[in-house]
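Undergrad: Per the working numbering, residue 1150 is the first one in the first sequence, and the count goes up by one each step. Cβ coordinates follow ideal geometry from the N, Cα and C atoms, glycine included.
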Amino acid sequence: MPELPEVETTRRGIAPHLEGRTILAAVVRERRLRWPVAAGLEAQVAGARVSRVGRRAKYLLLETDRGTGLLHLGMSGSLRLVDAQLPPQRHDHVDLLLDGARCLRFNDPRRFGSLHWVTGDADAHWLLAQLGPEPLSPAFTGDHLYRASRGLRVAVKPFIMNARVVVGVGNIYASEALFRAGIHPQRPAGRISATRMQRLAAAISDVLMAAIAQGGTTLRDFTDSDGRPGYFRQHLTVYGRAGEPCPGCGAPIRQRVIGQRSTFYCHHCQR
DNA sequence: CCCGATTCCTGTAGGC
DNA sequence: TGCCTACAGGAATCGG
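(1) Using a threshold of 8 Å, is the CB atom of Arg1201 nearer than that to any non-hydrogen atom of the ligand COA?
(2) Mind reading off the beta-carbon distance from Glu1214 to Arg1198? Whole number of angstroms is fine, and I expect it under 8 Å.
(3) In terms of residue numbering, what span does the alpha helix (DSSP H) encompassing Ser1324 cover?
(4) Mind checking who Trp1266 pairs with in its DSSP beta bridge?
(5) Under the three-state reduction of DSSP, which class applies to Ala1250: helix, strand or coil?
(6) Is Glu1152 helix, strand or coil when you go by DSSP?
(7) Pull the bridge partners of Thr1421 from the DSSP assignment, please.
(8) Based on DSSP bridge pairs, tell me the residues matched to Pro1401.
(9) Hey, how far is the Cα of Arg1336 from the Cα of Ile1407?
(10) For His1242, count the other beta carbons within 10 Å of its own beta carbon; 16 or more makes it buried, fewer makes it exposed. Which is it?
(11) How is the alpha helix (DSSP H) around Leu1357 delimited, first residue to last?
(12) Is the separation between the beta-carbon of Cys1418 and that of Phe1328 shorter than 9 Å?
(13) Using a threshold of 9 Å, state whether the C-beta atoms of His1166 and Leu1247 are closer than that.
(14) Shortest alpha-carbon distance to Pro1282 belongs to which of Cys1415, Gly1169, Gly1249, Gly1317?
(15) Which residues in the same chain as Ala1343 place their Cβ atom closer than 6 Å to its Cβ, once the five residues preceding and following it in sequence are excluded?
(16) For Ile1353 versus Phe1413, is the C-beta spacing smaller than 9 Å?
(17) Sort out for me which residues DSSP pairs Pro1337 with in a bridge.
Now the structure itself:
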């Protein structure tokens, strides 16, 4: 399920194939995604020349001379570059046909993904306007987390998964970062010291960078734009490891639901 | 404002 | 073997 490292892996995979290319046409087979694909999108896209493929949070930005494509992979979405003649398969919802007989193909079984076309400033789009800092940017610091959390009683895990606080931290990496920082996921965010928030910010950026270096995490269905899985799964310390010994103390990893999400942690090492 | 619950969707795993 | 149910989760939105 794509979190920031998986989206960044996808971005790096498709960028060389898109930048400088012209999108000849869009083919939308299924408009019912997380947000309905606008009826006029095909007309807006046709003829657009891609200058750059960017990323904001978990959104891919297809920057062109005619606007910006705003693509979210949801939790089961993937992009592949295929021959334009390759017949579409089940859940292949959108094709962007490129010059050179290639095609960027969006597949999303659960349809939690989305595609918008934005003219003007993409950062002002309603999906992006309220987002917090990028976790791998200088704006993301322990001090930011500390100040954003004062007075909040919400558990720290849903706090760091809140995109207004910091973007790109999904369920897997939230558990991993909290383990690395030695912080119990249930601890109220507003009761964590500035020093421990520094550790948490460092843990978040460290685990995300490490995951990007491994091409992301494949649990069951994530593949990059060439159809290859990511290899960070074997580096996950707590996620999906309920009952296994904690590498720090040997106590069994616990699993419980926090903020409606399955959470993994060591009761002994995380306080 | 704060925060928990609900909602969208389908593939997969587990129980019987 | 096969059916049925629970669960997975990003993130907007609703309700208290």
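TA: With the structure as the only source:
(1) What this structure holds is no ligand at all, so the ligand COA is not there to describe.
(2) Locating residue 1214 in the first sequence gives position 65, where the first residue counts as 1. Locating residue 1198 in the first sequence gives position 49, where the first residue counts as 1. Reading the sequence as shown, one finds Asp at residue 1214 and not Glu. That belief holds up - the Cβ atoms of Asp1214 and Arg1198 are roughly 5 Å apart, short of 8 Å.
(3) Here residue 1324 is taken as the residue at index 175 of the first sequence, counted from 1. 1320-1330 is the extent of the alpha helix (DSSP H) around Ser1324.
(4) In the first sequence, counting from the first residue as 1, residue 1266 sits at position 117. Per DSSP, Gly1218.
(5) Translated into the one-based positions of the first sequence, residue 1250 becomes position 101. It is coil, neither helix nor strand.
(6) By 1-based counting over the first sequence, the position of residue 1152 is 3. Glu1152 falls in the coil class under three-state DSSP.
(7) Since the first and last residues shown for the chain are 1150 and 1420, residue 1421 lies out of range.
(8) The count along the first sequence starts at 1 and reaches residue 1401 at position 252. Residue pairing for Pro1401: DSSP places it in a beta bridge opposite Pro1394.
(9) Residue numbering aside, residue 1336 sits at position 187 when the first sequence is read from its first letter. Residue numbering aside, residue 1407 sits at position 258 when the first sequence is read from its first letter. Taking the straight line joining both Cα atoms gives about 11 Å.
(10) For the purposes of this step, residue 1242 is taken as the residue at position 93 of the first sequence. Looking at its Cβ environment, which holds 16 or more other Cβ atoms inside 10 Å, His1242 is buried.
(11) The residue you call residue 1357 lines up with position 208 of the first sequence. Per DSSP, Leu1357 belongs to the alpha helix (DSSP H) from 1343-1362.
(12) Within the first sequence, numbered from 1, the residue matching residue 1418 stands at position 269. Within the first sequence, numbered from 1, the residue matching residue 1328 stands at position 179. The answer is yes: Cβ separation under 9 Å.
(13) As a position in the first sequence, residue 1166 is number 17, starting the count at 1. As a position in the first sequence, residue 1247 is number 98, starting the count at 1. Against a cut-off of 9 Å, the Cβ pair of Leu1247 and His1166 comes out as a contact.
(14) Counting from one through the first sequence, the residue named residue 1282 turns up at place 133. Nearest C-alpha to Pro1282: Gly1317.
(15) Here residue 1343 refers to the residue found at position 194 of the first sequence. The answer, listed in chain order, is Tyr1295.
(16) On the first sequence, residue 1353 is found 204 positions in, with the first residue counted as 1. On the first sequence, residue 1413 is found 264 positions in, with the first residue counted as 1. No.
(17) Taking the first residue of the first sequence as position 1, residue 1337 is located at position 188. Residue pairing by DSSP places Pro1337 opposite Ala1304 in a beta bridge.
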